[in-house]
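In the order they appear, the protein sequences are chains W and H.
So the first sequence is numbered by numbering that gives the first Met the number 0: it starts at 0 and just counts up by one.
So the second sequence is numbered by numbering that gives the first Met the number 0: it starts at 0 and just counts up by one.
Taking it in order: structure first as structure tokens, then the write-up.
2 protein chains.
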Amino acid sequence: MNAPEIDKSSPAAVRRAIRDGRFTAFTADVAPGFAQGNLFIVPGQWADDFARFCERNSQALPVLGRSEPGSPHIPSLGADLDLRTDVGEYMVFRDGELVATPTTIADLWQDDFVAFVLGCSFSFEEVLKAQGLRLRHQEEGDVSAMYVTNRPTEPVGPFHGPLVVSMRPMEPADAIAAISICARYPQFHGAPIHIGHPEMIGIDEISQTYGGHGFTDISDRELPVFWACGATAQIVAREARLPICITHHKAHMVLTDLPVIAAPSAS
Amino acid sequence: MNAPEIDKSSPAAVRRAIRDGRFTAFTADVAPGFAQGNLFIVPGQWADDFARFCERNSQALPVLGRSEPGSPHIPSLGADLDLRTDVGEYMVFRDGELVATPTTIADLWQDDFVAFVLGCSFSFEEVLKAQGLRLRHQEEGDVSAMYVTNRPTEPVGPFHGPLVVSMRPMEPADAIAAISICARYPQFHGAPIHIGHPEMIGIDEISQTYGGHGFTDISDRELPVFWACGATAQIVAREARLPICITHHKAHMVLTDLPVIAAPSAS
């Protein structure tokens with residue numbers, strides 16, 4: 000007998016499937032129309048510092064939700080959401096070292112943990128596609144390229160590190176439309192932070208991506224467009240050197256029940 | 000005895016001074032905070048065609064106001080505004096030929112004339128400066144460069160011709176901010192129509208500007224940003240070959256009492 004079919008249009012159904020080990024892939028293609036998020040978990044004594052760090056670097060780290068101390072739930076993002084089990088893969092950092100990439104953190108959960116879910120580029124990519132814009136990296140079956148820039152984040156407490164960006168090559172008219180549209184979605188990184196001259200943000204070799212995937216060739220008719228990226232938090236997790244800190248791994252995002260179009264906007 | 004001082008902060012005061020021949024300069028630096036406009040006057044039989052032409056090409060030709068047939072007044076733009084006398088210099092076209100550039104058209108006014116006032120880039124430049132963006136052409140004491148593109152306007156009746164654009168060199172972060180901001184001001188040309196690759200819109204030599212002024216060198220740290228421009232109407236005035244058609248000349252714009260920030264927005 001086959002496993003039951005997963006309703007991939009439903010974030011709750013995919014969360015259950017992840018929890019049960021029936022869904023193990025990247026989340027880029029599931030639950031369209033619902034916001035996905037980056038995960039960042041810290042012991043409570045650093046939670047307020049991290050919250051302020053997110054505020055000061057909100058283009059990279061826009062907070063969609065924060066748990067109560069000790070709670071793995073954020074009801075505003077999904078009634079049944081359990082952040083110990085509903086992410087496909089986690090990264091566990093101890094003293095700044097990546098020590099494991101487990102598929103559950105139920106055994107590691109501490110009663111002082113505070114979890115943050117941060118907006119993700121998958122959401123604005125959906126908005127852009129709905130507006131008819133081309134996302135060539137998706138046509139080529141890849142996720143967007145990422146780069147570590149020479150721009151520092153604004154530090155708070157132990158949290159600091161360089162800004163990480165995602166890049167999409169776009170024809171000029173699409174780049175302009177993407178900027179106008181994304182400016183209205185601060186909860187999903189907002190407007191791009193750079194366009195056209197990668198060397199100005201410390202990217203000397205466009206083929207050398209962070210994480211080693213997602214390079215898309217840039218044609219004579221395109222410009223590279225750069226958005227602040229939630230992956231910034233993964234470098235921060237290393238640099239902060241906390242006793243423990245947990246994030247999602249790669250494109251295994253937190254699936255929320257927040258509709259993309261109606262997600263809360265600061266504007 | 001000297002002529003009375005002109006209160007250059009007041010559009011009404013400058014209009015009176017233009018009317019009386021006491022102010023003859025470009026209007027770029029006067030009445031900050033109030034919208035200025037391009038002027039286009041046609042005999043009534045072509046007014047509805049021109050209105051539709053503006054609608055279909057609204058990035059270049061956003062209508063701020065339209066007079067009643069035979070009236071040189073548009074009260075919504077200024078209680079005392081008289082379009083026969085309140086523009087510093089006019090261009091008079093007959094059968095598509097520029098035949099005169101007078102300082103008044105009171106003697107040419109026809110009882111079937113309909114006047115259109117169209118949004119102008121001076122207004123969005125004010126908004127951008129107020130947001131702290133650099134406009135290097137202004138720092139260099141010039142108006143922005145203009146170019147004729149290879150993009151056709153969408154024709155209506157006798158009205159057709161290529162899109163004319165204005166160009167401002169900007170650092171990437173300023174270009175992104177300008178795009179986000181201008182997208183909210185459709186009445187002042189809205190978002191740029193192009194960025195970065197002039198050859199894609201038929202501009203092969205960036206130093207060859209339309210009208211021959213306003214070239215600003217583009218540095219390695221800048222991108223050329225192109226907006227649809229009201230000067231499109233001046234080429235249209237030639238191409239339409241109407242028996243008579245009148246526009247403003249160069250940067251002698253219509254001064255209105257519309258505050259720039261509160262000007263009507265389609266968004």
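We treat Cβ as the ideally placed atom computed from N, Cα and C, and that holds for glycine.
In the DSSP assignment, residue 159 of chain W falls outside any beta strand (DSSP E), carrying neither H nor E.
Residue nearest to residue 152 of chain H within the set H:229, H:87, H:194 is H:229 (criterion: CA-CA distance).
In chain W, no part has a C-beta under 7 Å from the C-beta of residue 50 of chain H; the shortest such distance is about 26 Å. Neighbourhood of residue 179 of chain H in chain W, by CB distance below 7 Å: 178, 179, 182, 190, in chain order. Between residue 252 of chain H and residue 53 of chain H, the beta carbon gap of about 17 Å keeps them out of contact (Cβ cut-off 8 Å). The C-beta of residue 117 of chain H comes no closer than 8 Å to any C-beta of chain W.
By the criterion of a C-beta distance shorter than 6 Å, residue 240 of chain H is surrounded in its chain by 94, 95, once the five residues flanking it on both sides are discounted. Bounds of the alpha helix (DSSP H) holding residue 231 of chain W are 231-239. In the DSSP annotation of this structure, the continuous segment of the alpha helix (DSSP H) that includes residue 127 of chain H starts and ends at 120-129. Listed along chain W, the residues sitting closer than 8 Å to residue 220 of chain H by beta-carbon distance are 196, 199. Taking 8 Å as the threshold, the shortest C-beta distance from residue 144 of chain W to chain H does not fall below it.
Put simply, the backbone Cα of residue 189 of chain W is about 25 Å away from that of residue 166 of chain H.
The beta carbon of residue 17 of chain W sits no closer than 8 Å to any beta carbon of chain H. For the 8 Å CB-CB criterion, residue 33 of chain H and residue 257 of chain H form a contact. When 7 Å is used as the limit between beta carbons, residue 171 of chain W is near these residues of chain H: 193, 194, 195, 196, 199, in chain order.
Cβ-Cβ separation between residue 147 of chain H and residue 126 of chain H: approximately 26 Å, too far for a contact (criterion under 8 Å).
Scanning chain H for C-beta atoms nearer than 7 Å to the C-beta of residue 175 of chain W yields 178, 190, 191, 194, reported in chain order. Looking at the DSSP output, residue 209 of chain W shares a beta bridge with no other residue. Residue 31 of chain W sits in coil when the DSSP states are folded into three classes, being neither helix nor strand.
Bounds of any beta strand (DSSP E) do not take in residue 22 of chain H, whose DSSP letter is neither H nor E. In the DSSP assignment, residue 258 of chain W falls within the unbroken beta strand (DSSP E) covering 253-258.
Segment contact: the stretch 61-71 of chain W against the stretch 215-224 of chain W, fewer than three CB-CB distances shorter than 8 Å; contact not assigned.
In the DSSP assignment, residue 245 of chain W falls within the beta strand (DSSP E) that extends over 244-247. CA-CA distance, residue 89 of chain W to residue 150 of chain W, rounds to 27 Å. Here the alpha carbon of residue 28 of chain H sits roughly 45 Å from the alpha carbon of residue 121 of chain W. With contact defined as three or more Cβ pairs closer than 8 Å, the stretch 199-210 of chain H and the stretch 75-92 of chain H are not in contact. Under DSSP, residue 116 of chain W takes part in a beta bridge, and its partners are W:38, W:64. The Cβ atoms of residue 208 of chain W and residue 144 of chain W sit closer than 8 Å to each other.
Spanning the alpha carbons of residue 48 of chain W and residue 260 of chain W requires a straight line of approximately 30 Å. When DSSP reads this structure, residue 199 of chain W sits in no beta bridge, so it has no partner. Note on residue 98 of chain W: under 16 other CB atoms within 10 angstroms of its CB, so exposed under the neighbour-count rule. Between residue 172 of chain H and residue 193 of chain W a beta carbon distance of about 7 Å is seen, short of the 8 Å cut, so the two are scored as contacting. Taking C-beta atoms under 8 Å as the contact rule, residue 123 of chain H and residue 181 of chain H qualify, at a distance of about 5 Å.
By the criterion of a C-beta distance shorter than 6 Å, residue 92 of chain H is surrounded in its chain by 236, 244, once the five residues flanking it on both sides are discounted. In the DSSP assignment, residue 92 of chain H falls within the unbroken beta strand (DSSP E) covering 89-93.
Residue 171 of chain H carries a helical assignment under DSSP once its states are collapsed to helix, strand and coil.
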